[in-house]
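Student:
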Amino acid sequence: MSAIQLLPDLLISQIAAGEVVERPASALKELLENSLDAGATEIRVQLEQGGIKLMRVADNGAGIAAAQLQIALARHATSKIASLDDLERVASLGFRGEALASIAAVARLRLASRAVGADHAHQIETDGGRPGEPQPTALAAGTTIEVRDLYFNTPARRKFLKSEATEYGHSEEAFRRIALARPDVAFSLQHNGRAQHHLRSEDARRRIGALLGDEFAASALEIDESAAGLRLAGMSALPAYSRASRDAQYFFVNGRFVRDKLIAHALRQAYRDVLHHDRHPAYCLFLELDPALVDVNVHPAKIEVRFRDGRAVHQFLYHALNKTLAGRGGENPAAQAQLASPEPASHAARPVFSSGAPYQAPMPLGVAQPAAFYDLMTRDMPLPKTAAAQTEETAAHPLGYAIAQLHGVYILAQNSAGLVLVDMHAAHERVVYEKLKTALDQKTVASQPLLIPAAFQADALDVAAAEEHAAALHEIGFEIAPLSPTSLAVRAVPRLLQNADPAQLARDVLHELREWGASRVLTERRNELLGTLACHGAVRANRQLSITEMNALLREMETTERANQCNHGRPTWFQISLAELDKMFMRGK
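Take a look at the structure:
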């Protein structure tokens with residue numbers, strides 16, 4: 001074994017570069033953060049070959065004095081912190097003092113800067129080694145850094161870089177994250193001489209729309225919640241905009257983009273009740289808190305953080321987002337109108353609503369109908385009101401009043417804004433699901449005894465599960481008794497599901513109990529079970545509803561949390577405004 005010896009400074013910097021400068025995108029992120037810490041209001045980025053051949057970042061920030069240019073390229077040299085107290089409450093994006101030294105150790109670097117109040121600008125160059133002496137140069141203000149031939153002196157690292165297109169994709173993503181964090185700063189990005197982004201100083205919503213797309217901005221809810229020194233702001237997309245991957249998830253802590261397991265879990269939990277399990281939510285959110293309550297000195301790339309009170313942050317994030325997503329039916333119609341079209345329901349069962357109105361099969365609408373038919377169709381509609389009364393009632397009933405049913409699947413309703421389209425199965429499924437959840441939480445699940453018990457064939461395991469979990473079944477409103485070693489009888493079902501197929505309900509419940517056990521079914525698997533039961537109990541497609549029943553569903557949607565989406569994240573209703581209808585028919589042209 002060779003003797004222990006001190007490593008040369010250059011080798012130390014090259015080792016550090018392996019952590020800090022993983023690829024061109026990593027170097028770009030560090031340079032952009034330095035520009036923001038310098039107070040820049042305009043930053044220009046130029047890349048060639050994905051940033052491998054050239055990376056130039058120019059800003060109009062405070063600049064660096066000529067006497068400090070050499071020390072700026074030294075390891076562990078920074079203007080951001082000076083003591084342990086500073087480190088424990090870091091408010092800047094950079095603070096380690098390693099980025100420039102690490103980049104300079106593995107690339108040809110030119111640093112030109114003109115400090116505020118200085119008569120002239122100066123530059124310093126390095127060729128993967130010790131920096132030269134500062135020289136005068138021409139520069140109006142701020143700092144410009146050029147990084148050429150990344151990893152030219154470490155070929156083993158360079159061969160691990162991917163194609164130009166791949167490296168540019170990572171660099172653009174780093175640029176997007178920084179630009180999202182600071183909408184008040186103007187940014188531009190060029191690649192191989194072609195302009196890719198030109199972002200003016202603007203408000204957060206416009207910046208998010210420019211970088212994440214207008215579809216995201218139109219399908220997202222704005223959030224601004226504060227509690228106990230924590231503030232969460234930004235935009236979070238409705239479940240219908242969910243993605244197959246996590247590529248549209250941006251979370252910032254005090255302006256720093258982070259990927260944190262605690263944060264991701266809290267946000268996932270908030271979406272759990274409105275998003276299918278294999279889909280991922282989309283959001284751009286900003287958490288602000290006292291810098292002393294978060295440790296950013298966890299990872300060399302500064303992409304991970306550790307909170308002093310992780311539980312409090314988790315609870316705050318969950319409740320803030322959950323509150324935003326728990327809108328009642330009829331809220332936020334502008335966002336609903338922009339979502340993708342929902343899938344039609346495809347089940348069949350008898351409808352049941354809390355209105356208690358008897359089921360009525362409307363007459364088929366022909367080309368010519370007697371006047372009595374139109375009287376029948378509108379007999380439940382309110383009489384014309386004054387403008388003031390209509391405005392007051394619209395505020396109370398934003399989903400308006402039903403006027404017809406389309407193909408046994410959709411409800412057509414009229415409100416002051418125009419036309420409302422409702423997927424009756426998806427909407428009623430959410431209503432039933434929320435009622436089941438509330439009843440189970442309050443231990444008030446009412447049972448409905450069946451006049452004639454529903455008997456069905458069952459295997460021995462189902463019969464054993466019915467006997468073993470009789471208490472759990474009773475808690476959720478079921479009474480299932482063995483008739484023989486191979487058959488069961490359903491004697492009672494939850495009252496909210498009294499019109500569903502009792503045998504199928506029993507099979508689904510027993511399957512869950514057999515697979516997971518009573519304790520897990522009533523705790524961590526509770527929502528999955530209730531979602532299945534709600535689907536059985538919801539009104540099905542191709543069932544004709546009376547105007548009274550349709551209005552009853554609209555009123556229940558308006559008082560039910562999360563009624564804008566079904567249990568799988570599909571939208572339950574859309575608003576088509578009068579302006580959109582006029583445009584369809586070219587009125588006013």
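The letter at position 147 of the sequence shown is residue 147 when you use the UniProt record's numbering, and the numbering goes up by one with no holes.
Using N, Cα and C, we set each Cβ at its ideal position, and we do this for glycine too.
For the pair the segment 43 to 61 and the segment 163 to 176, tell me if three or more CB-CB distances fall below 8 Å.
Tutor: Judged by Cβ distances under 8 Å, the segment 43 to 61 makes contact with the segment 163 to 176, as three or more pairs qualify.
Student: Between which two residues does the alpha helix (DSSP H) holding CYS284 run?
Tutor: Taken as a continuous stretch (DSSP letters only), CYS284 belongs to no alpha helix (DSSP H), being part of the beta strand (DSSP E) at 283 to 288.
Student: Less than 8 Å between the beta carbons of LEU93 and ASP59, yes or no?
Tutor: Not closer than 8 Å, so no.
Student: Counting Cβ pairs, one atom from each stretch, are 3 or more of them under 8 Å apart for the segment 508 to 526 and the segment 405 to 412?
Tutor: No, the segment 508 to 526 is not in contact with the segment 405 to 412.
Student: Report the start-end ranges of each alpha helix (DSSP H) in the segment 158 to 201 that is 4 residues or longer and not cut off at the edges.
Tutor: Entirely contained in the segment 158 to 201, the alpha helix (DSSP H) runs reaching 4 residues are, in chain order, 164 to 181.
Student: How should SER425 be labelled, buried or exposed, when 16 other C-beta atoms within 10 angstroms of its C-beta is the threshold for buried?
Tutor: Residue identity check: residue 425 is His in the sequence provided, not Ser. Buried, because 16 or more other Cβ atoms sit within 10 Å of the Cβ of HIS425.
Student: Using the C-alpha atoms, what's the distance from GLY97 back to PRO131?
Tutor: Rounded to whole angstroms, PRO131 to GLY97 spans 16 Å at the Cα level.
Student: When burial is assigned at 16 or more other CB atoms within 10 Å of the CB, is LEU578 buried or exposed?
Tutor: LEU578 is exposed by the Cβ-count criterion.
Student: Have a look at PRO109 and LEU262 and give me their C-alpha separation to the nearest angstrom.
Tutor: In the sequence under discussion, the amino acid at residue 109 is Leu, which differs from the Pro named in the question. Each residue's Cα considered, the two are about 38 Å apart.
Student: In its own chain, which residues sit with a C-beta less than 6 Å from the C-beta of GLN196, not counting the 5 before and 5 after it?
Tutor: Excluding residues within five positions, the ones whose Cβ falls inside 6 Å are LEU189.
Student: Just to confirm before moving on: does the CB-CB distance between ALA156 and ALA115 stay below 8 Å?
Tutor: Taking 8 Å as the Cβ cut-off, ALA156 and ALA115 do not qualify as a contacting pair.
Student: In whole angstroms, what is the alpha-carbon distance linking PRO494 and HIS397?
Tutor: Their Cα atoms are separated by approximately 29 Å.
Student: Helix, strand or coil, according to DSSP, for SER243 in the structure here?
Tutor: First, the residue type needs correcting, since residue 243 is Arg and not Ser in the sequence shown. ARG243 falls in the strand class under three-state DSSP.
Student: For the beta strand (DSSP E) holding SER83, just list the boundary residues, first then last.
Tutor: It is not in any beta strand (DSSP E) - SER83 carries neither H nor E in the DSSP assignment.
Student: So for GLU146, helix, strand or coil by DSSP?
Tutor: Looking at GLU146 - three-state DSSP - the assignment turns out to be strand.
Student: Are three or more beta carbon pairs between the segment 447 to 460 and the segment 578 to 587 nearer than 8 Å?
Tutor: Flag = no, the segment 447 to 460 and the segment 578 to 587 do not touch.
Student: Any idea which residues DSSP pairs SER577 with across the strands?
Tutor: GLY418, per the DSSP bridge assignment.
Student: Using a 10 Å radius around the Cβ and a threshold of 16 neighbouring Cβ atoms, would you call GLN135 buried or exposed?
Tutor: Flag for GLN135 reads exposed.
Student: Residue 596 and ALA270: beta carbons closer than 8 Å?
Tutor: Since the first residue shown for the chain is 1 and the last is 589, residue 596 is missing from the structure and cannot be characterised.
Student: Helix or strand or just coil, what does DSSP make of ASP203?
Tutor: Three-state DSSP puts ASP203 in coil, outside helix and strand.
Student: Suppose only complete runs of 3+ residues qualify. What are the beta strand (DSSP E) ranges in the UniProt domain "DNA mismatch repair protein S5" (208 to 326), listed by chain order?
Tutor: DSSP runs (the beta strand (DSSP E)) wholly in the UniProt domain "DNA mismatch repair protein S5" (208 to 326): 220 to 227, 230 to 237, 249 to 253 and 283 to 288.
Student: Is it a yes or a no for the segment 298 to 306 touching the segment 524 to 544, going by three-plus beta-carbon pairs under 8 Å?
Tutor: Output reads no: the segment 524 to 544 does not touch the segment 298 to 306.
Student: Does DSSP classify PRO344 as helix, strand or coil?
Tutor: Because the pLDDT at PRO344 is just 36, under 50, the model does not fix this residue reliably, and the value given afterwards should be weighed accordingly. PRO344: coil per DSSP, three-state reduction.
Student: Just to confirm my understanding: we take GLU479, look at its own chain, exclude 5 residues before and 5 after, and list those with CB closer than 6 Å. What are they?
Tutor: Same-chain partners within the cutoff: ARG491 and ALA492.
Student: Given that a residue counts as buried once 16 or more other Cβ atoms are within 10 Å of its Cβ, and exposed if not, what is ASP214?
Tutor: When all chains shown are included, ASP214 counts as exposed.
Student: By Cβ distance, which residues of its chain are closer than 6 Å to ALA334, with the 5 residues on each side in sequence left out?
Tutor: Because ALA334 carries a pLDDT of 43, less than 50, the predicted location of this residue cannot be relied on, and the following value inherits that uncertainty. There are no such residues.
Student: Whose CA, out of GLY418, MET235, TRP516 and HIS428, lies closest to the CA of LEU221?
Tutor: Nearest of GLY418, MET235, TRP516 and HIS428 to LEU221, Cα basis: MET235.
Student: At what residues does the alpha helix (DSSP H) containing GLN70 begin and finish?
Tutor: Start and end: 69 to 72.
Student: Assign HIS428 to one of three DSSP states: helix, strand, or coil.
Tutor: Here HIS428 sits in helix by DSSP.
Student: Indicate the three-state DSSP secondary structure (helix, strand or coil) for GLN448 in the structure shown.
Tutor: Reduced to three states, the DSSP call for GLN448 is strand.
Student: Would you mind reading off the limits of the alpha helix (DSSP H) that contains MET550?
Tutor: From DSSP, the alpha helix (DSSP H) with MET550 extends over 547 to 558.
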